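**Q** Its first residue numbered 7, the sequence shown is counted upward by one per residue in my numbering.
Heads up, the beta-carbon is just placed ideally off N, CA and C, and yes, glycines get one too.
None of these values were measured; they are calculated from a predicted model.
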Amino acid sequence: MERAEFLNKMGLGAMFALTATCLGSCSKNATTPSGPVDFSINLNDAANLALGTTGGYVIQNGVVIANTGNASYAAATVICSHEGERQIVYKSSGSQWYCSAHGATFDINGKGLNSNGSKGLTIYKTSLTGSSLRIYS
Ligand code: FES
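Laid out in structure tokens, this is it:
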């Protein structure tokens, strides 16, 4: 059966259902922000004040940026690898990334620590120059 013949037999309703399914799940399954990550933030900006405290974190450009202590920072995608929810946060207790949707937990290097985190988490590099923190792939 040719593609055009198949689509004709399926009808417009079935085509819409297939398209709607893909649009809903395909975009949600992305586990990283689109395109390469490379941006800098100023730690002195009011929006980034949480990074002045160990365990504090901010979310910018689809990336969770955390102060891990001793003037060190870590960054990970906000998009969970389990079901694509944008609910990754940093938990200073245990230095872990955590998804509040279904409890996926990852170590600071993105390694999954439970079944919902088994696919791991995308981690980004950080580099501090003065008060400018660069986050990059
Ligand atoms: S989407 Fe994060 S644990 Fe399910």
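1. Measuring only the C-alpha atoms, how far is TYR96 from THR128?
2. Within 6 Å: the Cβ of ASN122 and any heavy atom of the ligand FES?
3. Tell me whether ALA107, by its Cβ, gets closer than 6 Å to a heavy atom of the ligand FES.
4. Tell me whether ASN76 sits in a helix, a strand or coil according to DSSP, three-state version.
5. Excluding sequence positions up to five away, which residues of its chain have a Cβ less than 8 Å from the Cβ of SER143?
6. For ASN115, does the three-state DSSP call read helix, strand or coil?
7. In its own chain, which residues sit with a C-beta less than 6 Å from the C-beta of SER124, not counting the 5 before and 5 after it?
8. Determine the DSSP secondary structure at ASN67, reduced to helix, strand or coil.
9. Sorry if obvious, but does the Cβ on ALA56 come closer than 6 Å to a heavy atom of the ligand FES?
10. Just verifying my parser: in three-state terms, what is the DSSP assignment at SER101?
11. What residue range does the beta strand (DSSP E) around ASP44 cover?
**A** Quick look at the numbers:
1. On the sequence shown, residue 96 is found 90 positions in, with the first residue counted as 1. On the sequence shown, residue 128 is found 122 positions in, with the first residue counted as 1. Straight across, the Cα-Cα distance linking TYR96 with THR128 is about 14 Å.
2. Taking the first residue of the sequence shown as 1, we reach residue 122 at position 116. Using a cutoff of 6 Å, the CB of ASN122 counts as near the ligand FES, since one of the ligand's heavy atoms is closer than that.
3. Walking along the sequence shown from the start, residue 107 turns up at place 101. Under cutoff, so the answer is yes.
4. Position 70 of the sequence shown holds residue 76. ASN76 falls in the coil class under three-state DSSP.
5. In the sequence shown, residue 143 corresponds to position 137, counting from 1. For SER143, where only same-chain residues beyond five positions count, the Cβ hits under 8 Å are PRO42, VAL43, ASP44, TYR130, LYS131.
6. Counting from one through the sequence shown, the residue named residue 115 turns up at place 109. Taken through DSSP and simplified to helix, strand or coil, ASN115 comes out as coil.
7. Locating residue 124 in the sequence shown gives position 118, where the first residue counts as 1. Residues of the same chain with a CB within less than 6 Å of the CB of SER124, apart from the 5 flanking positions on each side, are GLY118 in chain order.
8. Numbered from its first residue, the sequence shown carries residue 67 at position 61. ASN67 carries a coil assignment under DSSP once its states are collapsed to helix, strand and coil.
9. Locating residue 56 in the sequence shown gives position 50, counting from the first residue. It does not: the Cβ of ALA56 is nowhere closer than 6 Å to a heavy atom of the ligand FES.
10. For the purposes of this step, residue 101 is identified with residue 95 of the sequence shown, where counting begins at 1. Coil.
11. Numbered from 1 along the sequence shown, position 38 holds the residue referred to as residue 44. 44–48 is the span of the beta strand (DSSP E), which, as asked, contains ASP44.
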